[in-house]
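Numbering (mature numbering (1 follows the signal peptide of the UniProt record, and there is no 0)), first residue to last: -26 to -1, 1 to 323. Data block below; observations after.
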Amino acid sequence: MKQPLYFFITAVTVAGAAVCPLPATAAGPDSPGTGPRYGVTLFSANFMREAPDFPEELGNQLLMGTPVEIVGEESYWRQVVSPEPYKAWCVEMGVAEMELEELERYIAAPKYIVTAEYGHVFSRPSEKSEILSDLVTGDLLRVAARSEGKGFTTKGFAKVMLPSGTEGYVRKTDLENFRSWADSREATEKNIVNTAKRFLGVPYMWGGTSIKGVDCSGLTRMVWFMNGVLLPRNASQQAKTGIAIPYPDSGKDTVDKNVMTVFTGRLRPGDLLFFGTGGKVSHVGIYIGGGRFIHASQYVRTSSLIPGEEDYYDLSWKLLHACRIIGQEDKGSGITSMLRSPAYFPQDS
């Protein structure tokens, strides 16, 4: 028996606390009247806003190929719930609307994942042809099959299908088979650090979760996504996952070099570092070893927790605690392996 696809409107629990309630406007599978509406995001990085207007706050980005549930509509805006789950607004042209059965077929269909930082979908197998869409790391495209289960490639290009059904061509070197890629993911210390380094220099953008721009938790989520692991969207939610590693001087307004040195000696590369005041998390970074971490602060950069270092992070005094994420997938703390997510692969109950 297949697991139903109502994952968008199911509350997600992080460390025993629900972090996203059932949207009040969403109709469940047995609700009378208008049934649920679904779709798949169309743009390389869909800008998701907190209200249906362009000047409104950017709350999130969704990569191309992300399944969503449509729970609201205002003019040419659609309110959608993404698999994290996160509810926000995007323009109607950014979503290919589908019936539930179409969405199920889409999720089950063979796909490519974009592994290059940037790319394009061309109208023909030539970089001189018309560009149909840009692409960024993590985008998903259906395989435009020539025969059952077999993709079509020519002249160094793979034939793909956008969520809208439009077909085009992408450089083969920019893509990998999604299922094979997901099967091969290993969220090791080395892989997490190497992926984080790919984002160095990317500008900070509030609400960003793509190579075009990231906020602090968008960076951590994207790094883990590209290693086959799904984290909650926001830093405050991520702080409740994994195994907590207390920082003994949390709450103090100065950093004792000896205390920090001992603390960082307990950390492993890939641990998440959480910062804030009054116990409230406001920032997150990825520990890479040697007292240093990668984070999105003005831009994605490397900083040190150790006083006296040239790139010392002057807000290190806000450090609250760390969390060990590696090895904690699918253990009920809000960390899910991509292969276990019904948003990306069909699941049997």
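Glycine included, C-beta positions come from ideal geometry on N, C-alpha and C.
Among the options, the one whose alpha carbon lies nearest that of residue i
i	options	result
Glu283	Phe267, Glu150, Leu293	Phe267
Gly225	Glu43, Thr251, Leu246, Glu303	Thr251
Lys61	Cys297, Asn208, Val229, Ala213	Asn208
Leu246	Ser191, Ala82, Asp227, Val274	Ser191
Met135	Lys146, Leu114, Trp155	Leu114
Gln321	Gly301, Ala82, Val54	Ala82
Which of helix, strand or coil DSSP assigns to residue i
i	result
Ala83	coil
Trp180	coil
Ala(-3)	With a pLDDT of 34 at Ala(-3), under the threshold of 50, the modelled position of that residue is not reliable, and the figure given next carries that caveat. Here Ala(-3) sits in coil by DSSP.
Ala118	coil
Ser107	strand
Leu136	coil
residue 338	Any property of residue 338 remains undetermined from this structure, which presents the chain solely from -26 to 323.
Lys254	strand
Arg275	strand
Ala213	coil
Glu150	strand
Lys305	coil
Val144	strand
Glu76	helix
Proximity below 8 Å, CB of residue i to CB of residue j
i	j	result
Val69	Trp51	no
Val186	Ala25	Checking the sequence shown, residue 186 turns out to be Lys, not Val. It is not a contact, given that the beta carbons lie outside the stated cut-off.
Leu109	Gly130	no
Met312	Val203	yes
Leu193	Phe173	yes
Cα-Cα separation between residue i and residue j, rounded to whole angstroms
i	j	result
Gln35	Arg11	20 Å
Phe152	Val45	28 Å
Phe199	Glu104	30 Å
Leu37	Ser56	11 Å
Glu73	Leu289	48 Å
Cys297	Ile217	5 Å
Gly263	Val54	39 Å
Residue i burial status per 10 Å Cβ neighbour count (16 or more: buried)
i	result
Thr15	buried
Thr215	buried
Lys164	exposed
Glu30	exposed
Leu293	buried
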